[in-house]
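These notes concern the structure reproduced below.
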Amino acid sequence: MDTIATRDPRGEVRLRSGTRSRELDGRIAVSAGESAVIVDGADEQALWTAIEPVLRAGVRPDRLLAAVPEHGRAVVARILARLDEHHLLREVEAATEPLPALDHLETVTRRPAAAARLVATTTLRVRGSGPVVRSVVAHLNAAGYARVVEQREPAARALARVERQAADLTWRPVAFAAGDARTVVVGPCDRDADAELEAAVLARVARGSAPEPVVEPDTTAGTGTGTGTGIATGIETGTRPGTDTGVRTGTADAGGAPVPSVPETLLAELVGAQLALAALDSSAREVEPAPPAPAAHYLVTTSGLVSERHPHVALPRLGRDGRVLDVDAWAVRDVVADPVALARLEPVWDPVLGVVGEPLPLDLPQAPVGLAALVDDEGRTLGGIGTTTAAARVDVVLDALRVATGPAVHRAGSLGLGVAATAARADAVARLVERSDLGWRPAPLDRTRLDAQAHRLHTSLTRRLGKRAAVGLAVSGTGLCRVDVRDADGDLLGRAVATSPAAAAAGALLRAVGRVQWHESQVTLVPTDPVLDVLDTRTASVRTEVDAWARAAVAAGAVQLVEPDHADGWGGVGVHAAVASWT
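The following block contains the structure:
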């Protein structure tokens with residue numbers, strides 16, 4: 001019951017206002033808003049019927065459990081825990097003065113009365129100009145904030161910014177709205193804004209936005225002068241649509257002046273209301289702090305007045321310096337399954353706020369190996385190759401993320417990315433070795449010592465795909481070998497380095513098969529000549545052998561591995577980074 005402990009000295013909890021309890025297919029559904037808990041089974045339903053009135057009135061959880069027969073305490077404890085997990089419990093607080101926003105605060109915090117008292121004593125500032133600013137100012141005043149200051153300034157892409165006055169009288173960012181007549185982004189919804197978050201969102205919006213609409217001066221009353229917002233005319237609370245200035249689209253009125261269309265007018269009003277709700281949610285978080293999720297979420301609203309929550313990950317650019325890794329870094333052997341990695345990576349390809357495009361198999365053949373395509377901001381098609389479709393999707397996302405990493409070279413080193421620390425180290429070292437002159441010498445390749453995967457891939461390449469290819473082995477005095485797969489013209493189709501010819505051959509053949517499979521596929525949705533990396537660093541055998549070799553090389557002082565500055569900022573999407581260099 002510790003998870004339901006409250007900050008109130010009395011420690012009492014109650015059901016959230018508006019919580020309903022109703023029978024549903026032989027069970028009882030306890031719900032409010034988007035939250036619901038199902039009470040199932042005869043014993044559990046009987047206990048719920050007994051404790052529901054007490055919970056609505058307010059009770060200390062320990063006293064409630066003490067009043068329940070011993071055989072039912074575990075059941076009641078589970079019910080309380082589920083109610084708390086689904087945000088259906090509130091603290092019993094001292095009464096507060098009525099506040100217009102109290103009903104909303106009841107839905108977003110366990111301490112709505114405390115949040116309401118904070119709202120009633122908080123000063124906010126709204127920066128920007130145009131209809132969105134006028135709308136949010138009106139909504140914030142209506143919500144009950146102590147004072148709302150409007151500061152007119154050119155809006156540009158940031159249509160409006162809401163800031164809170166701190167105890168030291170400085171202004172702290174709360175939320176912002178950015179966009180144009182087509183799409184507007186409002187938030188963050190789950191944390192306060194800051195300069196880095198805003199800059200990252202503005203950059204993303206600018207890449208995918210429509211051209212700036214025509215804007216006329218905003219001549220409405222207020223402090224200072226401003227311009228239209230770039231998203232069409234809005235209205236203040238209580239005014240009639242079509243009476244303001246702003247972006248001029250639509251038909252002309254009797255005097256010849258253009259009048260904005262209704263969806264555009266409503267869009268500005270809707271965005272203003274969303275921004276005001278973001279400010280209220282910020283006040284709620286102040287009285288009930290909680291660690292934010294890895295990805296910030298924003299409301300994205302289109303000109304058709306459709307709003308959806310979208311994640312946005314502001315991946316920091318990796319630095320040229322960082323933390324040097326010693327052999328202790330190899331103590332943890334982390335392996336992440338590709339489906340799990342893709343679930344963590346999903347925010348990076350969000351269609352509105354993502355950093356890269358979505359990796360898709362489209363109409364590409366998925367046998368004998370997996371293939372995936374991704375289109376970047378420059379319109380280039382990148383290709384991914386893997387033993388499965390999921391592995392190919394991970395492969396192409398990591399290749400695309402290299403563009404967003406910043407400096408790829410660190411003291412003549414090579415950058416490696418992976419969905420585990422092991423994978424990032426192996427990727428970095430394999431790329432360092434591949435581009436280095438290690439005195440490679442040709443050596444005979446004993447085909448009988450290749451593993452089953454290499455044999456299968458060779459058969460697929462030469463028989464199924466009908467490609468004449470030569471598999472060549474090179475060795476060096478470092479304990480590493482390199483396998484190249486080349487076509488009849490000598491063009492490189494695939495390459496890998498490892499400590500055994502079998503692992504290197506399997507990795508090189510995987511890339512070769514994927515490359516030929518793509519070129520011969522005659523698909524219609526993607527070009528036949530995408531950007532494909534010929535070097536394999538991600539097959540399990542290559543990764544394991546290269547990482548083990550890297551540990552020995554670090555211990556011997558031959559190689560240095562560094563975790564670049566800001567790499568921890570990528571952990572929210574499960575991406576690790578390492579830079580390998582010769583000492």
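The sequence shown begins at 1 in UniProt numbering and counts up one residue at a time.
By construction, the Cβ of each residue, glycine as well, lies at the ideal position given by its N, Cα and C atoms.
Same chain, Cβ closer than 8 Å to residue i, five either side skipped, listed in chain order
i	result
G33	G18, T107
R551	V327, W330
A101	A116, V119, A143, G144, L280
H519	T528, D529
W48	S21, I28, V30, V39, I79
A95	A113
Residue i and residue j closer than 8 Å at C-beta
i	j	result
V300	V185	yes
L83	R73	no
A177	A160	yes
A469	L493	yes
A400	D376	yes
A454	V475	no
T583	V562	no
L89	R16	yes
H104	A36	no
A206	R157	yes
T537	A426	yes
S414	R402	no
A452	H576	no
P188	A296	yes
S303	R182	yes
G507	T544	no
P461	L509	Residue identity differs from the one stated: residue 461 is Leu in this sequence, not Pro. A contact, by the Cβ cut-off of 8 Å.
Beta strand (DSSP E) segment containing residue i, residue limits
i	result
T302	296-302
H310	307-312
S35	35-39
P359	Neither: P359 is in no beta strand (DSSP E) and is coded neither H nor E.
A193	Per DSSP, A193 belongs to no beta strand (DSSP E) and is neither H nor E.
T183	183-187
R333	Premise fails: R333 is in no beta strand (DSSP E) and is neither H nor E.
S31	27-32
S17	That residue, S17, is in no beta strand (DSSP E); it is neither H nor E in DSSP.
Q165	158-165
Q151	147-152
V174	171-179
R317	No beta strand (DSSP E) holds R317; DSSP gives it neither H nor E.
G370	370-375
A567	Counting along the chain, A567 falls outside any beta strand (DSSP E), and DSSP gives it neither H nor E.
Residues near residue i by beta carbon distance below 6 Å, same chain, minus five either side
i	result
A372	P359, P361, G384, A392, R393, V396
D565	G319, D321, G322
A254	Bear in mind that the predicted position of A254 carries a pLDDT of just 46, short of 50, making it too unreliable to give a figure here.
V352	V300, H310
G58	E12, R14, V92
L345	V397, V573
G386	G370, A392, D395
A221	Low confidence applies to A221: its pLDDT is 34, below 50, so where it sits in the model is not reliable, and the reading given next is rough at best. Correct list: empty, nothing qualifies.
T109	A115, A284, E288
G416	A424, D427, A428, A578
Integer-rounded CB distance, given that residue j should sit under 8 Å from residue i
i	j	result
R482	V471	With 8 Å as the limit, R482 and V471 do not qualify as a contact, their Cβ atoms being about 12 Å apart.
V534	R511	5 Å
A503	S541	4 Å
residue 596	E434	With the chain represented from 1 up to 583, any question about residue 596 goes unanswered, as that position is not in the structure.
T422	V523	About 34 Å; that fails the 8 Å criterion.
L438	T478	6 Å
T381	V531	7 Å
N- and C-terminal bounds of the alpha helix (DSSP H) containing residue i
i	result
E44	42-57
P339	338-345
S135	131-143
A66	61-67
H458	452-459
Beta-carbon proximity list for residue i, same chain, < 7 Å, skipping 5 on both sides
i	result
T223	Low confidence applies to T223: its pLDDT is 36, below 50, so where it sits in the model is not reliable enough to give any reading.
A279	L124, L140, V162, V174, A175
A314	E196, L197, A200
R464	P368
A276	V136, H139, L140, A143
T388	D338, G370
D568	none
R316	The amino acid at residue 316 is misidentified as Arg; the sequence shows Pro. Result list for P316: H566, G569, in chain order.
S166	At residue 166 the sequence reads Ala, which differs from the Ser that was named. R172.
Contact test: residue i Cβ vs the ligand ADP heavy atom, cutoff 7 Å
i	result
P289	Looking at this structure, you won't find the ligand ADP or any other ligand, since it has none at all.
Enumerate, from N- to C-terminal direction, the unbroken alpha helix (DSSP H) stretches of 4 or more residues contained entirely within the region 466-547.
501-519
Curious, which full-length beta strand (DSSP E) runs of at least 3 residues does the region 79-124 contain?
89-91
Runs of 3 residues minimum, wholly inside the region 383-428: which ones carry the beta strand (DSSP E) assignment?
414-418
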